[in-house]
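Right, one structure below, let's go through it.
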Amino acid sequence: MPELPEVETIARGVDERVRGARILAAWFGSHREPMKTSPRVQEKALTGAQFASVRRVGKHIVCHLTGPAHQPGSLGAESGQSPELQWIVHLGMTGRLLVTDSAAEVVAHTHARLTLEDGREIRFVDARRFGRLELRNLRHQQAFQGPGTEPLTIAPEAFHALFHGRKTSIKAALLNQNLLHGVGNIYADESLFRVGIRPQTRAHRLTRAQLERLRVALQEVLTQAIQLGGSSVSDYVDANGVKGFFQLEHRVYGREGQSCRVCGAAIRRVQLAGRSTHFCPACQR
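In this note's numbering, the protein residues as written are 3 to 287.
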């Protein structure tokens, strides 16, 4: 599943390419699984709307749009009008959000196509259909905020408060989207390795100093991964269809049986909180 760095990379790429663009037509497929809001509602609301900005919230891509030009009071993004709509994309396990030419081949498992006035399209492709598409009208609904706290900006005291009293494993706590939204399997494993903490360690047993080192390491790992375009270990590509490079920097994730790059011990993989978890038994104690 794409995690924070991958979703951030896609959101930045889409924002760069479509900010200010108007949607000429919207098409949605017939599969119900990706549609958190009905296709008919999304199609009607998005047709004629204009992109004001695109950003990441947790593992979600949130597109802010002004209303269709024909609606009263809809002046368009260039006027500085506040966004009226949010189109929220969750990529699920295999989802892709691509900006492409309208003449490009429409691949299998394409569930949404937004045609822009300049001839390009935004396409949502998801083979396993675990992704979700949602529309919010901000005149009647609350803006999407995400389930937890943003890990890139969380302060030391807030981070400590989230984890110091929890008796679950620190790995499970890091994956809890109601605590920190956006952190997933890859970056939890990589961050814990960098501070020498075993994933199985109960969160409440970590000292304040250990939690602060973990917060710093997590932010450093996420930032570096964003700079390298995310980790392409499965289906992930950015808005242009290009793979990321952070997988080349992985120290434990996906390296089961290989030698630790620090001490030479064999990297181990175990099941923890229902997820494959990678760690070095020598470096992480």
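Glycine included, each C-beta is placed from N, C-alpha and C at the ideal position. Fair warning: this is a prediction, and the values are worked out from it, not measured in the lab.
- [ ] Would you decide whether residue 155 is buried or exposed? Buried here means 16 or more other CB atoms lie within 10 Å of its CB.
- [x] Exposed: under 16 other Cβ atoms inside 10 Å.
Open item on the list: Closer than 8 Å is the cut-off here; do at least three beta carbon pairs connect the stretch 215–235 with the stretch 145–165?
Closed with: Under the Cβ criterion (8 Å, minimum of three pairs), the stretch 215–235 counts as touching the stretch 145–165.
Task: Collapsed DSSP secondary structure at residue 187 in the structure displayed - done: Helix.
Task: Where the beta strand (DSSP E) through residue 288 begins and ends - done: Look at the range of the chain in this structure, 3 to 287, and you will see that residue 288 is not part of it.
TODO: Kindly indicate which three-state DSSP category residue 1 falls into: helix, strand or coil?
DONE: The chain is shown only over 3 to 287; residue 1 falls outside these bounds and no answer can be derived.
Open item on the list: For residue 126, report the span of its beta strand (DSSP E) as first-last.
Closed with: First-last of the beta strand (DSSP E) with residue 126: 122–127.
- [ ] Taking only heavy atoms of the ligand COA into account, decide whether any of them is closer than 6 Å to the Cβ of residue 158.
- [x] What this structure holds is no ligand at all, so the ligand COA is not there to describe.
Task: Residue(s) in a DSSP beta bridge with residue 171 - done: In the DSSP secondary-structure assignment, residue 171 is bridged to 204.
Open item on the list: Excluding the 5 residues flanking residue 267 on each side, which residues of the same chain have their C-beta closer than 8 Å to its C-beta?
Closed with: Closer than 8 Å at Cβ, skipping near neighbours: 261, 282, 283, 284, 285.
Open item on the list: If I measure Cβ to Cβ from residue 133 and keep anything under 6 Å in the same chain, skipping five residues before and after, which residues do I get?
Closed with: Here the set comprises 36, 92, 93, 94, 97.
Task: Span separating the alpha-carbon of residue 166 from that of residue 173 - done: Rounded to the nearest angstrom, the two C-alpha atoms are 13 Å apart.
Task: Three-state class that DSSP yields for residue 269 in the structure shown - done: Here residue 269 sits in coil by DSSP.
Task: Simplified DSSP state of residue 181, which is helix, strand or coil - done: Three-state DSSP puts residue 181 in coil, outside helix and strand.
Task: Per-residue DSSP class, three states only, for residue 4 - done: Residue state for residue 4 is assigned as coil, using DSSP reduced to three classes.
Open item on the list: Closest to residue 25 by C-alpha separation, out of 10, 124, 62, 86, would be which residue?
Closed with: Distance from the Cα of residue 25 is smallest, within the candidate group 10, 124, 62, 86, for 124.
TODO: Tell me whether residue 25 sits in a helix, a strand or coil according to DSSP, three-state version.
DONE: Here residue 25 sits in strand by DSSP.
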